Each structure stands twice: as structure tokens, then as C-alpha cells.
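*Asks:*
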Amino acid sequence: MTDQIETAASLMVRDYLILAFLVSLGALQIAVSISGIRGLWLLPNQLLTRALGILLIGVGITTYILSPLWVEGPWAAGSVADGTSAGREWGTATINEVSAARNINDIHGGMAGTAYAIVFLLAAVLATTFAAILGTLNVRISNSPTLSRGSEGDQHDPPSFRRGLGGGHNDPPTSRKAPGGGHNNPPSSRKAPAGDHNNPPSSRKEPGGDHNNPPSSRRAPAGDHNNPPSFRRGLGGGPTDGLDALKHTDAISTFASSSRNLIRTAKSDANEHMSTTHLWSVPSLIARMWRN
Amino acid sequence: MWINGFVGTSPTFDHIARIVASDYLMPLAFSAVIFAIWFVGRNLAERRRYQRGTLLAATAIGISNLIVDIIDSAYDRQRPFDELGDSLQLIFYRSTDPSFPANPMAVVFAIAMGVWLVDRRIGWTLMAGAAIYSVIRVYVGTFYPTDVIGGAVIGVISALIAWFLFELLKPIPELFLRLLRGIGIA
Chain L
1 MTDQIETAAS LMVRDYLILA FLVSLGALQI AVSISGIRGL WLLPNQLLTR ALGILLIGVG
61 ITTYILSPLW VEGPWAAGSV ADGTSAGREW GTATINEVSA ARNINDIHGG MAGTAYAIVF
121 LLAAVLATTF AAILGTLNVR ISNSPTLSRG SEGDQHDPPS FRRGLGGGHN DPPTSRKAPG
181 GGHNNPPSSR KAPAGDHNNP PSSRKEPGGD HNNPPSSRRA PAGDHNNPPS FRRGLGGGPT
241 DGLDALKHTD AISTFASSSR NLIRTAKSDA NEHMSTTHLW SVPSLIARMW RN
Chain E
1001 MWINGFVGTS PTFDHIARIV ASDYLMPLAF SAVIFAIWFV GRNLAERRRY QRGTLLAATA
1061 IGISNLIVDI IDSAYDRQRP FDELGDSLQL IFYRSTDPSF PANPMAVVFA IAMGVWLVDR
1121 RIGWTLMAGA AIYSVIRVYV GTFYPTDVIG GAVIGVISAL IAWFLFELLK PIPELFLRLL
1181 RGIGIA
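Protein chains in written order, with the numbering used here: chain L, 1 to 292; chain E, 1001 to 1186.
(1) Can you name the start and end residues of the alpha helix (DSSP H) that E:Y1075 belongs to?
(2) Please list, in chain order, the residues of the region 1082 to 1106 of chain E that have any C-beta partner in chain L closer than 9 Å.
(3) Please report how far the alpha carbon of L:H108 lies from the alpha carbon of L:A9, in whole angstroms.
(4) Would you verify that the beta carbon of L:D250 is, or is not, closer than 8 Å to some beta carbon of chain E?
(5) Quick one: what does DSSP say L:T129 is sitting in, helix, strand or coil?
(6) With H, G and I counted as helix, E and B as strand and the rest as coil, what does DSSP make of E:G1053?
(7) Please classify E:K1170: does DSSP put it in a helix, a strand, or coil?
(8) Give a yes or no on contact between the region 1095 to 1102 of chain E and the region 1077 to 1085 of chain E, applying the rule of three or more CB pairs nearer than 8 Å.
(9) I want to see whether chain E comes within less than 8 Å of L:R260, judged by CB atoms only; does it?
(10) Report yes or no: do three or more beta-carbon pairs, one from the region 1113 to 1130 of chain E and one from the region 1071 to 1081 of chain E, lie closer than 8 Å?
(11) For chain E, is any of its Cβ atoms less than 8 Å away from the one on L:S24?
(12) Taking all protein chains shown into account, decide if L:I104 is buried (16 or more other Cβ within 10 angstroms of its Cβ) or exposed.
(13) What in chain E is Cβ-close to L:D82, meaning under 7 Å?
(14) Please determine if the region 1156 to 1174 of chain E and the region 1054 to 1071 of chain E are in contact, where contact requires at least 3 C-beta pairs separated by less than 8 Å.
(15) Let me see if you follow: with CB-CB separation under 8 Å, is E:F1164 close to chain L or not?
(16) Can you give the Cα-Cα distance for E:V1140 and E:R1018, rounded to whole angstroms?
(17) Excluding the 5 residues preceding and the 5 following E:D1023 in the sequence, name in chain order all residues of the same chain whose CB lies nearer than 8 Å to its CB.
(18) Give a yes or no on whether 8 Å exceeds the smallest Cβ distance from E:Y1144 to chain L.
(19) Within its chain, find whatever has a CB closer than 8 Å to the CB of E:G1053; leave out the 5 residues flanking it on each side and keep chain order.
(20) Whole angstroms is fine: what's the gap from E:P1171's alpha carbon to L:L243's?
(21) For L:I61, collect the residues of the same chain with a Cβ closer than 6 Å to its Cβ; drop the 5 residues on either side in sequence, then sort them by chain order.
(22) Does L:D106 pass the burial test, meaning 16 or more other C-beta atoms within 10 Å, or should it be called exposed?
(23) In angstroms with no decimal places, state the Cα-to-Cα distance between E:A1186 and E:F1166.
(24) Compare the C-alpha of E:G1129 against each of E:L1177, E:W1163, E:A1152 and E:S1064 and name the closest.
(25) Would E:Q1051 be called buried (16 or more neighbouring beta carbons within 10 Å of its own) or exposed?
(26) With three or more beta-carbon pairs closer than 8 Å as the criterion, would you say the region 54 to 73 of chain L touches the region 14 to 34 of chain L?
(27) So that I know if they touch, is there some Cβ in chain L lying closer than 8 Å to that of E:L1028?
(28) Nearest-angstrom Cα distance between E:L1179 and E:W1124?
(29) What number of angstroms, rounded off, separates the C-alpha of E:G1194 from the C-alpha of L:N143?
(30) Got a sec: is the Cβ-Cβ distance from L:T254 to anything in chain E below 8 Å?
(31) Tell me, please, whether the CB atom of L:G78 is closer than 8 Å to any CB atom in chain E?
(32) For the alpha helix (DSSP H) that E:N1103 lies in, which residues bound it at each end?
(33) On the CB-based measure, 16 or more other CB atoms within 10 Å of its CB, does L:P74 come out buried or exposed?
(34) Quick check on L:A93: does DSSP put it in helix, strand or coil?
(35) So, is the C-beta of E:Y1024 closer than 8 Å to a C-beta in chain L?
(36) Round the Cβ separation of E:I1091 and E:D1014 to the nearest angstrom and send it over; I've been treating them as touching at under 8 Å.
Rendered as C-alpha cells:
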């Protein structure tokens, strides 16, 4: 009996993980199709991405509810009764029992509330990772010269997106001109990636399209020639950092350059902190007192 | 138990009720919504607002569970199927934890209220979903109406507590979001 409960519990966890993964992935696709975060799209088209999201949610829930019809579990025909989940037998359910088949108390092999929460979190992380990997491939494929020519008519593709991605650091100079350009950007802002030492100072200020940011947030910190321009402006401060960057580049490039940027910023912050805090250390206070 | 008295009137509705009342469907739907709104903002300001909503809802879930645990340890109300016996038509399994307050309702209302604080439209939709979930849970016989009302109140209060905490400790969630943005996931 204990063995059956354990087997039932592992079956429930596995099935719920698949359900939560499909639903999370579907919800993610709908969300990123609304926000335009192309780096997480599974398909190259916005409407198709949204339709895929709805389809994934529908398929996930339907499969989860109906699978007792063909998957053996603690819901054998005749053993699923209202009012209790004890005494279930192993087998497949009938259509009349399918609605109650997965309603199992956690002491009889079902899942506890905490288990649901943990499995959902795991599924959400997996779904995001999956979307990031497939989105990267999708972006790089659709960014290849032949395919990008074919999708010129797609109004959802900002020009910079088609150019900037796949190339990364080895792009010729022309392809580096447009890292932050959406439809709202003035042409001048597309020419100047922030922090690029080859550009005149005036062009360093405005790489992206968010006009709500104060000028200070648009300024470029020390230019890192290995990072895409949108990540040279510091931790989370710029309009094309974070998920915004995924509108223009792919997830793997974003994560790599963001992590480098984070470490560099943290190091410079720490150095700056150390260089100022020593003024208030005990020896320096004594020294200043002595001098005075 | 007037609501539960309708059980058996429509077998099709009973099947739907068993699925809607389940532990997996509605909590998953609500969780998927707070996961999705993390990514849904079209610009930086909108995304910050929605991501704050996700953090608010998650914090509210934690607070509501804490409150429910405290009440459960102090007051063990029996389930309606234990008290009413055969006069109740139970079409769900026999839960073994205390009936008041309804933990699932506390969780879904905490999420709904947490989202409502940043987006009224999505928040009202979730509130409606949470209300349907509550009625269905009473319909299948696992809770008294006062259990689900108590759970809903705890959920709403938890979200408000979370909101006050966020206002009080504003730099912390902001820093957290900035950090996540720094590594490209916010």
C-alpha cells in the first residue's frame, strides 16, 4: 500500500510538472508577444507566438485532465469514488470518473500545497530557460541575412533587431550602428551605441528609445568593447537593459553581457566605496586629528 | 448548505465542479498569471509596475499562509462533511486539515489582491475567478461559506500587509528588481 502511494505521488508530481511547464510556457509566450520581448518568442511572428501560447495552455490542461483515460495510475475504473480518495486501485479510468481521477488527498498519494508551489516554480524556471534557448535560436535564424530579407514586411521587427543580433562582437562596423532602435527612436539615436570609444561624446548619450529616463541614466560608464552597447550603461539603469534588451538581442547574449556588466559594476562600486570609506576609518581619523 | 443541495442536479456541472474545485487547476492558473505579468509590460515603467505586482502577490501568499497556519494551530474547525454527515453530498476527497480559514481561498485572493494593486482590470478578473473557485469549493462540500469568506479576507489583508511592507521597505524590492534587471531577467 505504501509503495502504491509513493508511486502515485511520483506519478502526480511528474504529470503536474509537465502541466505546469506547458502552462507556464504558454503564459510566457502570450506575455512576451504582448510586450514584444522577441528574445523569448518561440516563433518568429507575434500572432503565431500568441496562438502558440494559447495552444500550449489548452493542450497542457486537456492532456492532464484526460490522461487518466490512457495512463495507468491510482484511478482504475470502479475505484474512483466521491467522498474519498482512499482505496484507489491501479489502472486507467473511465470517462465518467476522469473529472475526479486526479482529486487525491496528499495522504493517499496526491500532492500537498507546498509541493504544488515548488513544482510550479521549477516549471516556471524551466519554461523560461527553454524559451530563452529556443528564442535565441529563433532570433539568430531569423536574423541570418537570407531570412531577414524575407521578413522585411514584418512590422513587428525593428530594423535594428534584424541587424544586430547574430553578429555580436564580430560584426562589421555598419551592423553595430543600431543597437537600441525601435520604431520610436529618432534616426540619430540609432547611430550611436553608448560608450563606444569610436564615437564622438555626443553620440554616447542616447542608445535606446525610453524618453522617461533622466539623462544620467543614459550616460555610458566605461566602455567595454566586448559588451553589446546596450549593456555598457550600468546596472539596470538603461532603457535597453534587462528584458528590454531581449527586444533587440537574444537571451544568451543578454545574460552573458549582463553578467559581465554586473560583475564589472559591482567591482567598480566596491573600489569606489573602499576609496571613500577609508577616509572615515579609525587610523585616518587619528591621522587627521593629529594633523589638525 | 443550500449551495451543496444542487449537487446531482446536473451531472455535467458536477464533473466541471470537480475539475474547477481541484487543487491543481485554479492555483495553477493564478500562479501562471503572476508569472506572466512579470514579462507583460511594454516599456520599462510598465514592466516595473507589473513586476512589483508579481513580488507583491508572492509575498502576500507567504503572509497568508503564515496567518492561516497561526489560526489553524489555535482553532480546529471540523469540515462540513464531518459535522453534517449524510445530509451533505461530498463530491470531493475528504480533506484532513482544519476547515477555517480556507487556505486555497487565502492564496488565490492574496494573488488577486496583489495584482489588483498594480492593475485593476487583471485584478478584478482574478477576483472573479477566486470568487467562482470559492463558491465551487462550497458546492462540492469541502468548505463552509464562512470558511471561504474567512480565507478571502485573510488573502486580501495579506496583500495589503505586503503592500505596506513594500512601501515601508521600498529600496529593498527596488534593489531586488534592479539586480534582476542587471542580469537580464527583469
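No residue lacks a Cβ here, since even glycine has one placed at the ideal position from N, Cα and C.
All of these numbers come straight from a predicted model, not from anything done at the bench.
*Replies:* According to the data block:
(1) It is not in any alpha helix (DSSP H) - E:Y1075 carries neither H nor E in the DSSP assignment.
(2) Those would be Q1089, L1090, I1091, F1092, Y1093, R1094, S1095, T1096, N1103 and P1104, in chain order.
(3) Roughly 8 Å between the two C-alpha positions.
(4) So no, L:D250 is outside the interface.
(5) Looking at L:T129 - three-state DSSP - the assignment turns out to be helix.
(6) Here E:G1053 sits in helix by DSSP.
(7) In the three-state reduction of the DSSP assignment, E:K1170 falls in the coil class.
(8) The region 1095 to 1102 of chain E vs the region 1077 to 1085 of chain E: in contact.
(9) Judged by the 8 Å Cβ criterion, L:R260 is not in contact with chain E.
(10) Output reads no: the region 1071 to 1081 of chain E does not touch the region 1113 to 1130 of chain E.
(11) By this cut-off, L:S24 is an interface position.
(12) With 16 or more other Cβ atoms inside 10 Å of its own Cβ, L:I104 counts as buried.
(13) In chain order: L1090 and I1091.
(14) When Cβ pairs closer than 8 Å are counted between the two stretches, the region 1156 to 1174 of chain E is seen to touch the region 1054 to 1071 of chain E, the count reaching three or more.
(15) Interface annotation, E:F1164: not in contact with chain L, CB-CB separation never under 8 Å.
(16) Rounded to the nearest angstrom, the gap between the Cα atoms of E:V1140 and E:R1018 is 7 Å.
(17) Excluding sequence neighbours, E:D1023 sits near P1104.
(18) Look at E:Y1144: its C-beta is not under 8 Å from any C-beta on chain L.
(19) Hits under 8 Å: I1034, I1037, G1114, V1115, L1117, V1118 and D1119.
(20) Near 21 Å, if we compare the C-alpha coordinates of L:L243 and E:P1171.
(21) So no residue of the chain qualifies.
(22) Counting Cβ neighbours within 10 Å, L:D106 comes out buried, since at least 16 surround it.
(23) The straight-line gap from Cα to Cα measures roughly 18 Å.
(24) Considering only E:L1177, E:W1163, E:A1152 and E:S1064, the residue with the shortest C-alpha distance to E:G1129 is E:A1152.
(25) Flag for E:Q1051 reads buried.
(26) By the criterion of at least three beta-carbon pairs nearer than 8 Å, the region 54 to 73 of chain L is in contact with the region 14 to 34 of chain L.
(27) Yes, its Cβ sits closer than 8 Å to a Cβ of chain L.
(28) Spanning the alpha carbons of E:L1179 and E:W1124 requires a straight line of approximately 31 Å.
(29) Any question about residue 1194 of chain E goes unanswered here, given that chain E covers just 1001 to 1186.
(30) Chain E, which has a Cβ nearer than 8 Å to the Cβ of L:T254, makes this yes.
(31) In terms of beta-carbon proximity, L:G78 stays away from the interface with chain E, with every pair separated by 8 Å or more.
(32) Per DSSP, the unbroken alpha helix (DSSP H) holding E:N1103 starts and ends at N1103 to W1116.
(33) So L:P74 counts as buried.
(34) DSSP places L:A93 in coil when its eight states are reduced to three.
(35) Yes, contact with chain L.
(36) Between E:I1091 and E:D1014 the beta-carbon gap is near 6 Å, inside 8 Å, which marks them as a contact.
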